[in-house]
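For reference, the structure is listed below as structure tokens.
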Amino acid sequence: MNNYMKIFTNGLLKENPLLILMIGLCSGMAITTTTVNGLGMGLAMTFVIVMSEGIISLFRKLIPNDIRIPVFIIVIAAFTTIVDLSMQAFTPELSASMGVFIPLIVVNCIIMGRVESFSSKESVGKSVIDALGMGIGYTWVLVAISFIRELLGAGAILGHVLYSDRYFMKFFSNPPGGFFVFAVLISATYGFNDLVAYMKKKKIENALQLQAAERQAAAATEQTGSVQTPAAQEEKPVSENSEKTGGKNNEQSEKTTNGGTEE
Numbered sequence: 304m305n306n307y308m309k310i311f312t313n314g315l316l317k318e319n320p321l322l323i324l325m326i327g328l329c330s331g332m333a334i335t336t337t338t339v340n341g342l343g344m345g346l347a348m349t350f351v352i353v354m355s356e357g358i359i360s361l362f363r364k365l366i367p368n369d370i371r372i373p374v375f376i377i378v379i380a381a382f383t384t385i386v387d388l389s390m391q392a393f394t395p396e397l398s399a400s401m402g403v404f405i406p407l408i409v410v411n412c413i414i415m416g417r418v419e420s421f422s423s424k425e426s427v428g429k430s431v432i433d434a435l436g437m438g439i440g441y442t443w444v445l446v447a448i449s450f451i452r453e454l455l456g457a458g459a460i461l462g463h464v465l466y467s468d469r470y471f472m473k474f475f476s477n478p479p480g481g482f483f484v485f486a487v488l489i490s491a492t493y494g495f496n497d498l499v500a501y502m503k504k505k506k507i508e509n510a511l512q513l514q515a516a517e518r519q520a521a522a523a524t525e526q527t528g529s530v531q532t533p534a535a536q537e538e539k540p541v542s543e544n545s546e547k548t549g550g551k552n553n554e555q556s557e558k559t560t561n562g563g564t565e566e
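Just add 303 to wherever you are in the sequence shown, counting from 1, and you've got this note's numbering.
In structure tokens form, the structure reads like this:
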């Protein structure tokens, strides 16, 4: 269970495809002007990567190594087509706003990378968990970037305007604003990872110092015991000699008493 949890959490932050691995950035920068777009792209990507990794992992032992890449692309293209046609049928406005970036999921580096490096070698269960972690990690970053850009650039959240256009910062609605927000998130992520690593390092150092102090205390106790033992051994013969001397004196006193009685 711990192994599955570790696989899942890797994609959320430790190996986040956007913030750490920095792959699949084209769609991440292009469609994150509104929160709805970011959420829609993230969910579409998550569906494709989960289904693709699951199917490829299921048939990994049957796929010839020489033609594995074309097979991977066919599988990914099939699920991408399902997502594209479904969005055109049920959410045409969202599909139109994302344009060509939904069909381009076929060649997305995130899916191809995980399929090649993970699902083609691991079991179905681990592959699905890995895909979920990567998909959710990709989605939350897109939603975060979209939320900041929409709030600052258009003064809105999910399309609902919150304040006057006099306060809009159009910079965030343009591509440079997207790169700026993305850079801030990357910096925050690396700062958080450095903080966690520092805390772990301090915890290990404190544990080592505590162990060293315990060893020193134990050594001091042993030395104290070794010093006290000879003194105790010296006291023992003295007490034995005093007992012998006392015994002799008692015998002499008894003889003297007996001699006096006989007289």
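Yeah, the Cβ is synthetic: ideal placement off N, Cα and C, and Gly gets one too.
Checking the DSSP bridge columns, you'll see residue 460 partnered with 463. Within the same chain, Cβ atoms closer than 7 Å to the Cβ of residue 426 are found at 360, the five residues on either side in sequence being excluded. For a cut-off of 8 Å, the C-beta gap from residue 351 to residue 382 is around 5 Å, short enough to register as a contact.
Distance check between residue 307 and each of 432, 523, 455 places 432 closest, using alpha-carbon atoms only. The continuous alpha helix (DSSP H) containing residue 371 extends over residues 371-393.
Residues of the same chain with a CB within less than 8 Å of the CB of residue 329, apart from the 5 flanking positions on each side, are 404, 407 in chain order. Between the stretch 513-525 and the stretch 366-380 there are fewer than three C-beta pairs closer than 8 Å, too few to call the two in contact.
Counting the other Cβ atoms within 10 Å of the Cβ of residue 356 gives 16 or more, which makes it buried. Counting along the chain, the unbroken alpha helix (DSSP H) around residue 344 starts and ends at 338-361. If the five residues before and after residue 388 are omitted, its C-beta is found closer than 6 Å to no C-beta atom of its own chain. Secondary structure of residue 423 (DSSP, three-state): coil.
In the same chain as residue 422, and ignoring 5 residues on each side of it, the C-beta atoms closer than 6 Å to its own belong to 356, 359, 360, 430, in chain order.
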